[in-house]
Amino acid sequence: MGYSYDRNNIFAKILRGEIPNETVLETEHSLAFEDVNPQAPVHVLVIPKGAYVSLDHFTQDASDAEIVDYNRTIGEVCKLTGVQPSLGGSGFRAIANTGADGVQEVPHLHVHIIGGRVLGRMLNKA
Ligand code: DGP
């Protein structure tokens with residue numbers, strides 16, 4: 008079963024400029040913007056511009072240029088938002104919810120960069 012990308016998902020609309028966003032950083036292959044429903048003082052979403060459903064889709068099918076750009080963008084967001092420990096920040100969590108068990112709401116790869124407060128343990132016991 009291959010990957011099926013929904014061109015009408017919300018992040019595809021953001022990339023086409025049909026829905027506004029608060030951009031943190033834009034590069035050739037990636038866009039970082041504020042989450043509309045922040046869970047912490049820092050909550051930025053980083054997405055590739057390409058049509059990738061999930062992290063596994065992206066890491067298997069994206070070009071080397073896209074993968075490098077995307078990872079560098081994540082790093083740059085950590086700097087720009089002040090969460091990077093090596094620059095005096097208090098750390099962060101990077102989350103890529105995927106599929107049904109991962110409770111992914113928007114079917115376009117996004118990494119959440121969340122910080123600015125102590126985030127607690129990684130998972131609650133179900
Ligand atoms: P996830 O559960 O990992 O698929 O998280 C989706 C995130 O996307 C959630 O934190 C809220 C955010 N989100 C949903 N719609 C919009 C939108 O229209 N604009 C922005 N900036 N964020 C959105």
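The sequence shown lines up with residues 8 to 133 when you count with my numbering.
C-beta atoms are modelled at their ideal positions from N, C-alpha and C, and glycine is treated no differently.
What's the gap between the Cα of residue i and the Cα of residue j?
{"i": "T30", "j": "I17", "result": "15 Å"}
{"i": "L62", "j": "I54", "result": "10 Å"}
{"i": "N28", "j": "K132", "result": "34 Å"}
{"i": "E73", "j": "H36", "result": "6 Å"}
{"i": "S11", "j": "V60", "result": "7 Å"}
{"i": "M8", "j": "H64", "result": "12 Å"}
{"i": "D13", "j": "E25", "result": "15 Å"}
{"i": "R100", "j": "Q46", "result": "12 Å"}
{"i": "G98", "j": "I81", "result": "13 Å"}
Just to check my reading of the structure: residue i and residue j have Cβ atoms closer than 8 Å, yes? What is that Cβ distance to the nearest angstrom?
{"i": "V90", "j": "A39", "result": "So it is not a contact: roughly 13 Å between Cβ atoms."}
What residue from the options has the CA that sits closest to residue i's CA?
{"i": "Q67", "options": "L126, L116 and V125", "result": "L116"}
{"i": "D176", "options": "L130, G57, V125 and L94", "result": "Outside the displayed span of the chain (8 to 133) sits residue 176, for which this structure offers no information."}
{"i": "L126", "options": "D71, Q111, V110 and I102", "result": "I102"}
{"i": "A19", "options": "E33, K56 and V43", "result": "K56"}
In chain order, each beta strand (DSSP E) run of at least 3 residues that lies wholly inside the region 17–53: 30–33 and 37–41
Evaluate the contact criterion for the region 34–52 versus the region 102–121: three or more CB pairs, one atom per stretch, below 8 Å. A contact exists between the region 34–52 and the region 102–121.
Which runs of the beta strand (DSSP E), 3 residues or longer, sit entirely within the region 62–114? Restricting attention to beta strand (DSSP E) runs no shorter than 3 residues, the region 62–114 encloses them at 99–102, ordered along the chain.
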